[in-house]
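Residue numbers (the working numbering): 144 to 980.
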Amino acid sequence: MAKIKGNRNIWIVIGIILSFVVISLIYFSPQLEGKKLVASDNMTFQGVSKEIRDFRKETGKEALWTDSMFGGMPAYLVSTEYPGDLLAKVQNFFHSIIHRPASLVVLSFLLFFVMCRLLGFNALISMAGAFMYGFSTFFFVLISTGHFTKVHALNYMALVVGGIIFAYRKKPLLGSLITAFGLSWMLSANHPQMSYYTGLMVLIIVITYFIVAVREKNLPSFLKTSGLLVIALILAVGTYFSQLYTTYEYGKYSTRGKSELTGDQNNQTSGLDKDYILDYSYDLGEAMTAFIPRFKGGGMDEPLGENSEVYQFFEKNQGKAAAKRVASGLPLYWGSQPISSAPFYYGAVLCFLFVFGLFVVKGKDKWWIVAVVVLSFLLSLGKNFSVLSNFMIDYFPGYNKFRDVKNIIVIQQFAMALLGVMAVRELYLGQYDKTAILKKLKYSWFILGGLSLAFVIMPSVAGNFSGNADAQLTSAGWPAQLMQALVDDRRMVLRNDAFKAFIFVSLAAGVIWLYILKKIKAGYALALWVLLVLVDLWPVDKKYLNDNNFESKSEAAAPFKASVANQEILKDKDPDFRVLNLTVNPFSDASTSYFHKSIGGYHGAKMERYQELIDHQISPEIQKLIAGFKNPASIDSVMKTLPVINVLNTRYFIYNRESAPLRNNYALGAAWFVDDMEVVQDADAEMDALSGFDPSQKAIIDQRFSDQLKNVSFGGAHESSIELVEYEPNYLKYKAKVGSGEPVVVFSEIWYPEGWKAFIDGKETDYFRTDYVLRGMSVPAGEHVIEFRFEPSSYKTGNNIAMASSLILLLVTAGVVFVELKKKKLPVNEEKKENKV
């Protein structure tokens, strides 16, 4: 009988897993037709990583540096493969079977299900929890924009937490191994912010279990398990060490590092600037979108029907065609963030079960969950709760490295879903007083049902329904009557969504009520909960990620179409020059990087010095250039007065996509000799000296490099020449001819000391930073071959450590599995021995 029951349980689990796959593929049905998701961040990735991917395909080697954006930067956070990270290959194999984006949702369901099983939940309860968590709108919004690494990291959160709790509750060694695998895969997703937030949640869990261990006088067991978890942490970090090491090394030079400029010191931190960190902060109303999706209007491009006030206004004044066009996408969002693409809706059913769980769930897990929900909520408020936010930025290690602080709600949603599932489990166990639990059910319904009804009856309690986009609409010519219609529509969608929330809360409460009264069985109750979750979340998710987000495979393979300007520039076969594209925002654009080397680009962690150069020099020079276009006759003289753009070897300006580009004859080339230098005392002086200097004649050098300037002699500068003869992302080769003395040559390449090595005639030599971001070198008289090779020791060392850690973890896992299997076989062997005797 036990064997039959065991087989039945296995088939139930298999059926549940198949349901995860089937439902995900139904949602992403265009995948079955061979179509690909069109996502802005995915397109951006294809643009900024093209040079790296092409080099890998052509040579089989890794381009650890890319010149395709911001003049050049390490490729670690763009598209670098690490052969030492063996466990990441398992993750890649999974996504090769079920392709993205469906695989991301399947993994979300599956790992939350695994966590629930580790916590001892029934398979059907675990399935209900998986759907409740995995169908959150948050995941689908992230997928729609191409934030795949973020979703990857979030998927493994469940495995990490499940492993830790399983280790403390039941099997320390096995739980630690599960934690190690979960954390290794989470880290390999390469989204440090999501891993950091998971770390905060784990810290709260460990503190809670420590307090309970002290109270229950069970500290030795706690310390033993904690020790195993620390080893698991070390092994997991070790498997990821290749990425961690290179990212840490680069972080000191990126916008996550500390600036050397002294301006605006009150806003500066050792990481990002405070206002940049807190720019996207929740307010109290924004947090309500977890329960009522369009509490703040939704997104910046929300569709409305024919009953909307805006539609009726346009129909009356401009006809049905204009009304349909305008009402198909309106800026309904009126929250305090600069922009919002969609609300992060958890689901009314999830929110109700969470509140119900606050009443019915007991034990230590409830308290760490409550702590996580409260802390994440307060931190998501950002600048709207500046006391706590500033404390975290100033004193909590690493917190100042991340922006968009509202994203910490990921652990809030996770914790709320877990408590909701725990509440369902309490009902399933049936160990409750019927009268008492009905009372708690009534309180839960009054709280959330009453809250939703309050906004149905009095929507104005939410605010005045005026948003940041309104000023732009007014300036675009929207009359006061139309603006009032927009406000009325915002009020209408809040009332509609609040009423839907009331319906789902009432239905969820009704299922519990019927189950408690034994009117329906547990299986039917769970099926109804799953149905409610799907009916609740599916339409909202589909609003922001649907079939329209897909295109054919051929279209997806070419995310950017070459314009006339692009085609003309591609005719220039010089291996190294840069382009400034004025038809887009140069510093949030990936399309130019797809075709050319750009002085702009798109990346969240560009080099700090380059960002400062953009702010203080490049942007003002661009404005000067744009102003010059008003008088075409003077444009040549304007280009001559753009020293920073010229030292970056910006040969072409794209000012009209469908016209030939403007060639800049003052771009200084790949390298050039100067006949003078100015040694300055610090970064402030270095930046100031760039304004109006003649880069073809003089180099600006920080005094910290003075030791390398002792032998400089400019006598032969005018007789000297240099030419780039070979280019690869990791390698540059020049031929130089120096007449006399030892003049300075400036290379139009970004200075980065952690890996770039310089050689003259095969002998390694020193080089220094010049013109704030470029490389300089003094070269003796004669003919020379000068080479730059990017050979970061962090990449090699990191891969070796990652490989060793991966092998150790796999060997330990094999050993534990072997011992566990042997233990299971031992009673059978002993029984045979006894029968033989």
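Quick reminder that beta carbons are idealized off the backbone N, C-alpha and C, glycines included.
Just checking my contact of residue i with residue j at CB under 8 angstroms: how many whole Å lie between their CB atoms?
i: VAL548; j: SER424; result: 6 angstroms
i: LEU415; j: LYS544; result: 7 angstroms
i: ALA651; j: LEU669; result: Contact doesn't hold; Cβ gap of about 12 angstroms is too wide.
i: TRP477; j: PHE642; result: That pair is no contact at about 19 angstroms.
i: GLY919; j: VAL887; result: 6 angstroms
i: PRO217; j: PHE171; result: Not confirmed; about 34 angstroms, so no contact.
i: ALA310; j: LEU371; result: 7 angstroms
i: PHE213; j: GLY744; result: 5 angstroms
Going by C-alpha distance, which of the options is nearest residue i?
i: VAL503; options: THR578, GLU934, ALA466 and LYS544; result: THR578
i: LEU917; options: SER849, ASN792 and ASP819; result: ASN792
i: ILE195; options: LEU725, TRP208, ASN607 and LEU616; result: TRP208
i: LEU253; options: HIS242, GLY882 and TYR276; result: TYR276
i: ARG199; options: PHE456, GLY610, ASN185 and GLU224; result: GLU224
i: GLN824; options: GLU892, GLU403 and PHE772; result: GLU403
i: LEU660; options: ALA832, LEU366, LEU570 and PRO436; result: LEU570
i: LYS686; options: GLN754, MET212, PHE188 and SER287; result: SER287
i: LEU230; options: TRP328, PHE848 and SER856; result: TRP328
i: SER211; options: TYR737, ASN265, THR432 and TRP656; result: TYR737
i: ILE984; options: LYS939, ILE929, GLU885 and LEU852; result: The first residue shown for the chain is 144 and the last is 980, placing residue 984 beyond what the model contains.
i: TYR396; options: PRO923, GLN754 and GLU871; result: GLN754
i: GLU102; options: PRO474, ARG468 and TYR488; result: Since the first and last residues shown for the chain are 144 and 980, residue 102 lies out of range.
i: THR726; options: SER891, ILE157 and ASN799; result: ASN799
i: PRO935; options: TYR219, ILE169, MET186 and VAL191; result: TYR219
Could you give the distance in angstroms between the alpha-carbon of residue i and the alpha-carbon of residue j?
i: MET144; j: PRO682; result: Low local confidence applies: a pLDDT of 45 at MET144 is under 50, so the model's placement there is unreliable, with the coordinate-based value given in what follows. Distance between the alpha carbons of MET144 and PRO682: 44 angstroms.
i: TRP154; j: PHE282; result: 29 angstroms
i: PHE534; j: GLY541; result: 12 angstroms
i: SER762; j: VAL517; result: 42 angstroms
i: ILE159; j: PHE256; result: 9 angstroms
i: PHE497; j: ALA566; result: 8 angstroms
i: GLY835; j: ILE893; result: 21 angstroms
i: ALA470; j: PRO226; result: 51 angstroms
i: GLY925; j: PHE931; result: 19 angstroms
i: PHE589; j: ARG260; result: 32 angstroms
i: GLY905; j: LYS876; result: 11 angstroms
i: ALA485; j: LEU493; result: 19 angstroms
i: ASN808; j: ILE843; result: 22 angstroms
i: TRP815; j: LYS401; result: 31 angstroms
i: VAL781; j: LEU756; result: 19 angstroms
i: SER529; j: LEU522; result: 9 angstroms
i: ASP228; j: LEU833; result: 43 angstroms
i: MET337; j: ASN235; result: 19 angstroms
i: THR389; j: THR280; result: 33 angstroms
i: ASN152; j: THR368; result: 30 angstroms
i: ALA733; j: ILE166; result: 34 angstroms
i: GLU449; j: GLN455; result: 7 angstroms
i: VAL553; j: SER162; result: 25 angstroms
Helix, strand or coil: how does DSSP classify residue i here?
i: ARG721; result: strand
i: LYS880; result: strand
i: ARG912; result: strand
i: TYR383; result: coil
i: PRO446; result: coil
i: VAL888; result: strand
i: GLY394; result: helix
i: MET270; result: helix
i: HIS746; result: coil
i: ASP634; result: Before going further, note that residue 634 is Arg rather than Asp in the sequence given. Three-state DSSP puts ARG634 in a helix.
i: GLU739; result: Note that residue 739 corresponds to His in the displayed sequence, not to Glu. The answer is coil: DSSP assigns HIS739 none of H, G, I, E or B.
i: ARG260; result: helix
i: ARG752; result: helix
i: GLU869; result: strand
i: TRP588; result: helix
i: TYR874; result: strand
i: SER856; result: strand
i: GLY919; result: strand
i: LYS664; result: coil
> Enumerated in chain order, which unbroken segments of the alpha helix (DSSP H) with a length of 4 residues or greater are wholly contained in the stretch 316-377?
Replying inline: Runs of alpha helix (DSSP H) with 4 or more residues, each lying fully within the stretch 316-377, are found at 335-358, listed in chain order.
>> I'd like the ranges of any alpha helix (DSSP H) spanning at least 4 consecutive residues and lying wholly in the stretch 490-550.
In response: 491-503, 507-523 and 529-538, all fully within the stretch 490-550.
> Where in the stretch 770-842 do unbroken runs of the beta strand (DSSP E), each at least 3 residues long, occur, reported from the N-terminal end onward?
Replying inline: Fully enclosed beta strand (DSSP E) runs of 3 or longer: 793-797, 814-817 and 819-823.
> For the stretch 154-211, which segments carrying the beta strand (DSSP E) assignment without a break, of at least 3 residues, lie completely within its bounds, in sequence order?
Replying inline: With a minimum length of 3 residues, no continuous beta strand (DSSP E) run stays inside the stretch 154-211.
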